[in-house]
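Line by line, the protein sequences give chains A and B. Going by the numbering used here, the first residue of the first sequence is number 189, and it counts up by one from there. Going by the numbering used here, the first residue of the second sequence is number 189, and it counts up by one from there. We put the CB at the ideal spot given by N, CA and C, even for glycine. Here the structure is a predicted model, which means the values were calculated and not measured. Some notes on the structure that comes next.
Number of protein chains: 2
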Amino acid sequence: MARWQPGANERLIVAAVDLFTEQGYDATTVAQIAERAGVTKSTFFRHFPDKRELLVAGQETLSRLLADGIAEAPADAGALEAVAAGLERASNAMGPANRALGPRLKAAVAASAELQERDALKSIGLAAAMTAALVARGVAAPMAHLAGEMGVLAFKQGYAQWSEHDRADSDGLAPHTLAALEDLRAAALSLSRLQD
Amino acid sequence: MARWQPGANERLIVAAVDLFTEQGYDATTVAQIAERAGVTKSTFFRHFPDKRELLVAGQETLSRLLADGIAEAPADAGALEAVAAGLERASNAMGPANRALGPRLKAAVAASAELQERDALKSIGLAAAMTAALVARGVAAPMAHLAGEMGVLAFKQGYAQWSEHDRADSDGLAPHTLAALEDLRAAALSLSRLQD
């Protein structure tokens, strides 16, 4: 396996997340983020318009990957199979930089009320993107909403396991998110059967 | 039925939500909220420490009602039956003031990025409260997470229907949230069976 060499984009995100943890989101400047990442301020601005967008950019990419995977699932795939296709597409786009970011991002979010709000909005945005992609496939509203929420839970759960896991292994993210979705499917079945 | 007479607490919330819609959250001052509600600034501060807490206060009450209802459901109730008990408890605490607030709150949230983040955090907080109450009953983690999310979806869906519905009827909120939960249960069953 080739050694992973982070690009400026990834270094900027890691630097920003670490600085948000150490000194808070508000107190962190673009100049500090650029310095920590070892690039100039103008390199920062070639990648991101401001420090807020640095976080939003990742979310938009993730939403698009999830929705594209759902849209391109085979026409006869059920709603959860389509969600699995979305998770697979998004998971396969995540590399070592995303894995290393997990624990750092968790620490930054735990330390900042503003980042908790951003993170909450991110979850809602991902669920909405998946729900809309399912509705576009003809899935009825309550099922599309529920399947979208299951997709977000599976992504978060799988990502947490992957990024907190022993880093020596070379597993991708996909087995983790797909296993989490399968756990949720089994949970949905016993939940909904209990009251039959 | 006795005519509903809003108290200062409810008038302050309605005034705040309307002002947030009209002029934005940041631009709205405590003095303006108090004036619109027809009370003094010191009355405002007897009810809320600041304008942010005015929104958070309702969320904490709602989380507590949902969690209490889940905790006090019969010991042999399944996870979704416990969620239904939580929804019933919270729904029965909602009166005409809450109903009238629905469309206003929706407009305020649509108009403000800051309120969208607050609203997203609120959904996450409600789901976390329900999930924790279910885990305390011994429900396994993936099922508790999923049932908590279903509770939030049912509450939001039921509340939207109730507050956008013909106001002349005297229905409470509970039939709407419970019907939404039943729709989600049926959706969970067909979702999870599709891949059996």
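According to DSSP, simplified to helix, strand and coil, what is His353 of chain A?
coil
Hey, could you find the ends of the alpha helix (DSSP H) Thr318 of chain B is sitting in?
The sequence shown places Met at residue 318 of chain B, rather than the Thr named in the question. Element bounds for Met318 of chain B: 301-324.
Reference Ser378 of chain B; option with closest CA among A:Trp350, A:Pro330, A:Ala368, A:Gln345
Of the candidates A:Trp350, A:Pro330, A:Ala368, A:Gln345, the one whose C-alpha sits nearest the C-alpha of Ser378 of chain B is A:Pro330.
Can you tell me the Cβ-Cβ gap for Leu254 of chain B and Gln304 of chain A, rounded? I've got them flagged as a contact below 8 Å.
Rounded, the Cβ-Cβ distance is 20 Å, inconsistent with contact.
Please identify, using Cβ separations under 9 Å, the residues of the segment 335-355 of chain B that lie next to chain A, in order along the chain.
For the segment 335-355 of chain B, the set of positions with a beta-carbon nearer than 9 Å to some beta-carbon of chain A reads Ala335, Glu337, Met338, Val340, Leu341, Gln345 in chain order.
Cβ of Asp371 of chain A less than 8 Å from any chain B Cβ?
Yes, because at least one Cβ of chain B sits closer than 8 Å to the Cβ of Asp371 of chain A.
For Ser386 of chain B, would you say it is in contact with chain A, using Cβ-to-Cβ distances shorter than 8 Å as the test?
Not covered by the structure: residue 386 of chain B. The range shown for chain B is 189 to 384.
Can you find a CB in chain B that lies within less than 8 Å of the CB of Ser380 of chain A?
The beta carbon of Ser380 of chain A falls within 8 Å of a beta carbon belonging to chain B, placing the residue at that interface.
Beta-carbon of Ile312 of chain B versus every beta-carbon of chain A: anything under 8 Å?
yes
Do you know offhand how far Ile258 of chain B's Cα is from Leu322 of chain B's?
7 Å
Contact list for Gln304 of chain B against chain A, beta-carbon separation under 7 Å
Proximity of chain A to Gln304 of chain B at the Cβ level (cut-off 7 Å) is accounted for by Leu309, in chain order.
Do Ala332 of chain B and Ala267 of chain B count as a contact pair if the criterion is CB distance below 8 Å?
By the CB criterion at 8 Å, Ala267 of chain B and Ala332 of chain B fall inside the cutoff.
Using the rule of at least 16 other Cβ atoms within 10 Å of the residue's Cβ for burial, across every protein chain shown, is Lys239 of chain B buried or exposed?
buried
Judging by CA-CA distance, which residue of A:Phe208, A:Glu269, A:Arg224 is the nearest neighbour of Met390 of chain A?
In the structure as shown, chain A starts at 189 and stops at 384, and residue 390 of chain A therefore has no counterpart that could be examined.
Please report how far the alpha carbon of Gly226 of chain B lies from the alpha carbon of Glu276 of chain A, in whole angstroms.
56 Å
Local conformation of Tyr347 of chain A per DSSP, three classes:
helix
For Ala306 of chain B, count neighbouring C-beta atoms within 10 Å of its own C-beta (all shown protein chains included) and say buried if the count is 16 or more, exposed if not.
A quick correction: the sequence has Arg, not Ala, at residue 306 of chain B. Its Cβ being crowded by 16 or more others within 10 Å, Arg306 of chain B is buried.
So is Phe343 of chain B buried or exposed if we call it buried at 16+ other beta carbons inside 10 Å?
buried
Whole-angstrom distance between Gly290 of chain B and Ser300 of chain B, CA atom to CA atom
16 Å
Below 8 Å between beta carbons: does that hold for Asn280 of chain A and Ala362 of chain A?
Their beta carbons are under 8 Å apart, which means Asn280 of chain A touches Ala362 of chain A by this criterion.
Ser380 of chain A: first and last residue of the uninterrupted alpha helix (DSSP H) it sits in:
First-last of the alpha helix (DSSP H) with Ser380 of chain A: 362-381.
Relative to the C-alpha of Ala196 of chain A, which residue among A:His235, A:Gly326, A:Gln211, A:Leu341 is closest?
The shortest Cα separation from Ala196 of chain A among A:His235, A:Gly326, A:Gln211, A:Leu341 belongs to A:His235.
Give me the Cβ distance between Phe232 of chain A and Ala222 of chain A, rounded to the nearest whole Å; I'm assuming they're in contact under 8 Å.
Between Ala222 of chain A and Phe232 of chain A the Cβ distance is about 4 Å, and since that is below 8 Å, they are a contact.
Quick check: is the beta carbon of His333 of chain B nearer than 8 Å to any beta carbon in chain A?
yes
Enclosing alpha helix (DSSP H) for Glu260 of chain B [first to last residue]:
From DSSP, Glu260 of chain B is part of no alpha helix (DSSP H); its letter is neither H nor E.
Since Val202 of chain A is in the alpha helix (DSSP H), which residue starts that stretch and which ends it?
196-211
Check whether chain D comes within 8 Å of Leu293 of chain A, counting only Cβ atoms and requiring the distance to be less than that.
Protein chains A and B are contained in the structure displayed, whereas chain D is not.
Check the Cβ of Pro284 of chain A against every Cβ in chain B and list those closer than 7 Å, keeping chain order.
Going along chain B, no residue has its Cβ under 7 Å from Pro284 of chain A, so there is no contact; the nearest lies around 27 Å.
Straight-line Cα distance separating Glu260 of chain B from Ala190 of chain A
Summary for Ala190 of chain A: the model assigns pLDDT 42, below 50, so the residue's position carries little reliability, and this model does not support an answer.
Simplified DSSP state of Gly246 of chain A, which is helix, strand or coil:
Taken through DSSP and simplified to helix, strand or coil, Gly246 of chain A comes out as helix.
With burial defined as no fewer than 16 other Cβ atoms inside 10 Å of the residue's Cβ, what is the status of Gly336 of chain B: buried or exposed?
buried
Spatial distance of Ala273 of chain B from Ala328 of chain B (CA atoms)
19 Å
Among A:Glu248, A:Ala285, A:Arg252, which one has its Cα closest to the Cα of Val202 of chain A?
Of A:Glu248, A:Ala285, A:Arg252, the residue nearest in Cα terms is A:Ala285.
With 16 other Cβ atoms within 10 Å as the buried cut-off, status of Ala368 of chain A
buried
Using a beta-carbon distance below 8 Å, is Ala376 of chain B in contact with chain A?
yes
Between Leu366 of chain A and chain B, is any beta-carbon pair separated by less than 8 Å?
No, its Cβ sits nowhere closer than 8 Å to a Cβ of chain B.
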